[in-house]
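Numbering (the working numbering), first residue to last: -17 to 56.
Here it is in structure tokens:
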């Protein structure tokens, strides 16, 4: 009887550990996705500025993108 309970507890613990790991991985994916969305938005704004011949704004946005990428890679 106690042997069976111990096995069930061990399996439950393993499942709980796996769930926690999946939560962590999901949070990381969400965070990475948000960062990607921000970078894409900046890139799109750079393209729009260039199309509008607003090279000053394009340069500012490009610098902001470089800074963001450097911070994320640090």
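From the three backbone atoms N, C-alpha and C, an ideal C-beta is built for every residue, glycine too.
Pairwise C-alpha distance: residue j and residue i
i	j	result
residue 63	residue 56	Outside the shown range of the chain (-17 to 56) lies residue 63, about which nothing can therefore be said.
residue 6	residue 0	10 Å
Beta-carbon separation (whole angstroms), residue i vs residue j, contact threshold 8 Å
i	j	result
residue 31	residue 39	4 Å
residue 17	residue 54	6 Å
Buried or exposed (CB count within 10 angstroms, at least 16 for buried), residue i
i	result
residue 22	exposed
Proximity to residue i [Cα-Cα], best of the options
i	options	result
residue 20	-11, -13, 0 and 43	43
Is the stretch -8 to 5 touching the stretch 15 to 29 in the sense that three or more CB pairs, one from each, lie closer than 8 Å? no
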